[in-house]
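Residue numbers for the sequence shown follow numbering that gives the first Met the number 0, so the first one is 0 and each next one is one higher.
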Amino acid sequence: MAPRPLSPLVLALGGAAAVLGSVIFILWKTYFGRGRERRWDGGEAWWGTEPARLLEWDEWDPEDEADEEPALEELEQREVLVLGLDGSGKSTFLRVLAGKPPLEGHIPTWGFNSVRLPTKDFEVDLLEIGGSQNLRFYWKEFVNEVDVLVFMVDSADRLRLPWARQELHKLLDKDPDLPVVIVANKQDLSEAMSVVELQQELGLQAVDNQREVFLLAASVAPAGAGFENPGTVHIWRLLLELLS
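What follows is the structure, given as structure tokens:
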């Protein structure tokens, strides 16, 4: 029996996914590429840095200004790629880091989200790419372009954990030297798997001991916990340590 030809709708969806993947890659290279100009938007991360103090008129001395370097200097850039199956909490993670409230309900990312966070010594660009099956094909194209990979796992999604494991190991094999932070998200749910269980189910025992792979338990947006919950703060501090 001859195989049935693909329907026009399937071909169109496949072509759209291919185009979307190409567009995401081009945007990444253009906007998040190293050596770009700094965007002076004046934003502050929610954990904050010391705000600049304005000088009073009687404090200003033009002779001091002549000897000083320009106040605004271009900061170095660090890139973090945030991946994981759809529904694992990637978008919520970015929103919480940016000081925004989580969205209600599950809204899959069809494309990508990004956020830029300033620190004292450098700026951190986090890029999230959607976790639907059509977009996972393009994940590997970005792995070699970043400094750290964050892989989000829904600790309560036991049914799809084998898929998460498969995608994770594809990324680990793509760049053996890339530091990876695996976030065991949604630990506040009663059906969530423990870190010990997830370490087994994700096959992390087989990972080279010399490689920087971290498995952190977290609840990125637990009900009533606010933005500055310990899990998210712990992840951010680890990222800063790896990026420094």
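Positions of the beta carbon are idealized from the N, C-alpha and C atoms, including for glycine.
Remember, it's a predicted structure, so these values are computed and weren't measured experimentally.
Coil, strand or helix - residue i by DSSP
i	result
R157	coil
Q132	helix
G202	coil
Q76	strand
R236	helix
P117	strand
D124	strand
G98	coil
V212	strand
A163	helix
G230	helix
L188	coil
L177	coil
L148	strand
V81	strand
V219	coil
E43	Bear in mind that a pLDDT of 32 at E43, under 50, signals an unreliable position, so the model cannot answer this.
L241	helix
Whole-angstrom distance between residue j and residue i, CA atom to CA atom
i	j	result
S131	R77	26 angstroms
V180	S189	23 angstroms
Q204	P117	35 angstroms
K173	A216	25 angstroms
V81	Q186	19 angstroms
N208	L125	26 angstroms
S243	P178	12 angstroms
D156	T91	17 angstroms
W235	V149	11 angstroms
S218	L102	15 angstroms
S232	S113	Looking at the sequence provided, one finds Val at residue 232 rather than Ser. Their Cα atoms are separated by approximately 19 angstroms.
K89	A97	13 angstroms
G83	G129	8 angstroms
P161	N143	24 angstroms
R115	W138	20 angstroms
V182	A220	13 angstroms
Q199	L241	24 angstroms
L134	D153	18 angstroms
E140	A163	18 angstroms
G202	N228	28 angstroms
Distance between beta carbons of residue j and residue i, contact taken as under 8 angstroms
i	j	result
E122	F111	Not quite, the Cβ-Cβ distance comes to about 18 angstroms (not below 8 angstroms), so this is no contact.
M192	S87	In fact, because the Cβ distance is near 13 angstroms, the residues do not count as touching under 8 angstroms.
L171	V195	20 angstroms between Cβ atoms; not a contact.
L237	L214	At roughly 11 angstroms, the Cβ-Cβ gap does not stay under 8 angstroms, so L237 and L214 are not in contact.
V79	V147	5 angstroms
Per-residue burial, residue i [other beta carbons within 10 Å of its own, 16 or more giving buried]
i	result
E166	buried
V145	buried
D85	buried
R210	exposed
V95	buried
K169	exposed
F136	exposed
L244	Residue 244 lies beyond the range of the chain shown here (0 to 243); nothing can be said about it.
K99	exposed
N184	buried
D120	exposed
D176	exposed
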